[in-house]
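Take the sequence shown: its letter number 224 is residue 224 in our numbering, and every next letter is one higher. By construction, the Cβ of each residue, glycine as well, lies at the ideal position given by its N, Cα and C atoms. Only one structure is covered here, and it is reproduced in the block below.
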Amino acid sequence: MTDKISIAVIGAGAAGCFCSINLKRMLPNADIHLFESKGKALAKVAITGGGRCNLTNTFRGVKNLQEVYPRGEKLMRRALSVFSVEDTCAWFEKEGIRLVVQEDECIFPQSQDAMQIVKTFLYDLNNLGVQLHLNESVTNIDLNKWSRVVVAIGGHATLQRLSLFDGLDIPIELPVPSLFTFNIQGNWHQLLMGTVVEDVQTFIPSTKFRSHGALLLTHWGMSGPAILKISSYAARYLAEQEYKSPLCINWMGNINEQKLRTMLQDMMQQHAQKLITSSYPHRFSSKLWNMLLTRMCIPTTQRWGALNAKQVNKMLSTLTADTYQITGRCPFKEEFVTCGGVSLKAININTLQSKKHPTLYFAGEVLDVDAITGGFNLQAAWSMGYMVAKHIFTTYQDNNQKT
Ligand SMILES: Cc1cc2nc3c(=O)[nH]c(=O)nc-3n(C[C@H](O)[C@H](O)[C@H](O)COP(=O)(O)OP(=O)(O)OC[C@H]3O[C@@H](n4cnc5c(N)ncnc54)[C@H](O)[C@@H]3O)c2cc1C
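Now the structure itself:
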């Protein structure tokens with residue numbers, strides 16, 4: 001390989017660093033310049049997973065990629081076929097980073113230290129000769145200056161970050177936050193702060209948005225996997241509603257009204273003489289059950305056998321479709337991503353190249369691709385970073401063979 005190829009990678013985060021390292025290994029003679037606006041590379045990776053870095057997921061139990069990638073599912077199917085979870089694990093293990101799989105299928109470094117990833121990447125960048133330019137914020141893209149440009153500037157819930165595309169005619173999907181917790185009207189939840197109910201279903205009435213998982217009551221409202229998931233699925237809808245919307249909870253998880261009716265009838269027969277507060281489904285703490293009874297307008301002195309039809313109906317509707325009012329959102333400090341960014345209509349999803357400017361590529365959260373929590377966001381950064389490197393390498397090889 002004799003020709004010099006000069007590549008600018010903008011953004012030294014997960015996708016930009018991963019792309020640069022792999023690209024330099026594939027094209028050792030290329031001049032790769034990695035630009036980072038901050039004083040250090042990989043600042044976000046260092047705080048991922050509460051400092052432990054949930055770097056990927058086994059994807060076991062994921063039936064449909066859209067469950068984990070509400071935006072960009074098709075692109076991710078393609079990206080994972082180029083650089084899979086197995087490839088990711090093998091890549092990190094080869095770098096000397098032992099990995100562990102948790103019971104919930106999340107994958108972490110065995111060291112439980114995100115800095116191990118950061119240090120490994122920094123070592124590789126330096127050792128391979130990628131030229132890292134810190135404190136250099138790229139404000140416009142000069143496609144004539146470089147053989148290839150890779151944009152990996154991450155997500156940010158404002159349009160300002162994307163102004164470097166001005167003049168390039170790149171369609172943008174309005175960026176809005178994803179993965180947040182809900183402020184909920186009322187003060188009842190303050191008494192129940194810290195209460196967890198495993199396996200609830202949440203849904204937003206009159207929409208297709210629903211989720212399933214554990215729910216955590218907090219002093220400001222609701223959090224936990226079920227809430228984070230629905231905040232991701234409905235990120236754009238909730239932004240349009242200015243974070244004011246009803247939210248329904250099926251406290252019984254997968255149990256529907258019909259099934260619950262049978263269960264309640266059994267309770268009424270078997271525990272006829274028992275107080276409604278002394279016998280109730282195991283999933284509830286006594287504090288939460290008492291709060292739910294208040295919402296059902298059923299007195300605590302009531303006995304199971306004496307429930308009338310109206311009370312049974314109220315219990316059924318409260319337990320399976322209990323409606324609350326979302327009044328705002330709170331950032332989820334453990335992980336926070338952006339929905340929106342460079343529109344997938346602007347790129348070829350098989351190569352991550354701009355349709356309009358074939359020497360321009362995108363990787364990572366700058367694209368309108370984002371995931372729920374669990375290591376899926378970083379997996380997207382690794383797969384896309386690799387995919388771009390591989391495509392640049394392949395096209396360069398093809399061009400060289402032709403000349
Ligand atoms: C607190 C927190 C915890 C998280 N934990 C996890 C987790 O455990 N697992 C998981 O899968 N995901 C996690 N995520 C999400 C994950 O970190 C991101 O999805 C991922 O980092 C995106 O990678 P990226 O390379 O696209 O962007 P980033 O990693 O954000 O990198 C983009 C880089 O570009 C730089 N940049 C921006 N604009 C410019 C410019 N104009 N010029 C030069 N440089 C620029 C930025 O400074 C940044 O360094 C977490 C997110 C947060 C906020």
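In this structure, the CA atom of alanine 90 is about 58 angstroms from the CA atom of threonine 300. Scanning its chain for C-beta atoms nearer than 7 angstroms, with the 5 sequence neighbours on each side dropped, one finds around tyrosine 396 the residues Ile5, Leu27, in chain order.
Within the same chain, and ignoring the five residues on either side of glutamine 302 in sequence, the residues whose Cβ sits closer than 6 angstroms to its Cβ are Ile276. In this structure, DSSP gives histidine 212 an extended state, which the three-state scheme calls strand. DSSP, reduced to helix, strand and coil, places alanine 8 within a strand of the structure shown. Secondary structure at serine 354: strand, using DSSP grouped into helix, strand and coil. At a Cβ-Cβ threshold of 8 angstroms, leucine 34 and leucine 125 count as neighbours. Leucine 316 and alanine 234 have their C-alpha atoms roughly 26 angstroms apart.
A direct Cα-Cα distance of roughly 6 angstroms separates valine 9 from glycine 16. Around the beta carbon of glutamate 198, fewer than 16 other beta carbons sit within 10 angstroms, so the residue counts as exposed.
The beta-carbon separation of isoleucine 7 and isoleucine 392, rounded to 7 angstroms, stays under the 8 angstroms limit for a contact. A straight line joining the alpha-carbon of glycine 194 with that of leucine 80 spans about 37 angstroms. Between the alpha carbons of leucine 23 and phenylalanine 203 lies a distance of about 44 angstroms. Out of Gln273, Val196, Ala226, the CA that lies nearest to the CA of serine 285 is found in Val196.
Taking every protein chain shown into account, the CB of aspartate 398 has fewer than 16 other CB atoms within 10 angstroms, so this residue is exposed. Scanning its chain for C-beta atoms nearer than 6 angstroms, with the 5 sequence neighbours on each side dropped, one finds around glutamate 36 the residues Ala12, Leu134, in chain order. According to the DSSP assignment, isoleucine 349 belongs to no alpha helix (DSSP H), since it is labelled neither H nor E. With fewer than 16 other Cβ atoms from the protein chains shown falling within 10 Å of its own Cβ, cysteine 297 counts as exposed.
Not one heavy atom of ligand 1 lies closer than 7 angstroms to the C-beta of glutamate 105. The closest heavy atom of ligand 1 lies less than 7 angstroms from the beta carbon of serine 137.
Contact check for leucine 164 and valine 138: beta-carbon distance about 6 angstroms, within the 8 angstroms limit, so the pair qualifies. Excluding the 5 residues flanking it on each side, aspartate 368 has same chain C-beta neighbours closer than 8 angstroms at Arg71, Gly72, Glu173, Cys339, Gly340, Gly341, Val342, Ser343, Leu344, in chain order. DSSP lists Ile249 as the beta-bridge partner residues of aspartate 322.
Note on glycine 221: 16 or more other CB atoms within 10 angstroms of its CB, so buried under the neighbour-count rule. Minimum Cα-Cα distance from valine 312 among the listed residues Leu260, Lys355, Val62, Ile349 corresponds to Leu260. Exclusion of arginine 329 from the 7 angstroms shell around ligand 1 follows from its C-beta lying no nearer than that to any non-hydrogen atom of the ligand. Every alpha helix (DSSP H) stretch that sits fully inside the segment 13-43 and reaches 4 residues is listed by chain position as 14-26.
Counting only unbroken stretches of 4 or more residues, the alpha helix (DSSP H) elements lying wholly within the segment 159-226 are 188-191, in sequence order. Judged by their CB atoms, proline 246 and glutamine 325 are nearer to each other than the 8 angstroms cut-off.
In the displayed model, asparagine 57 falls within a strand according to three-state DSSP.
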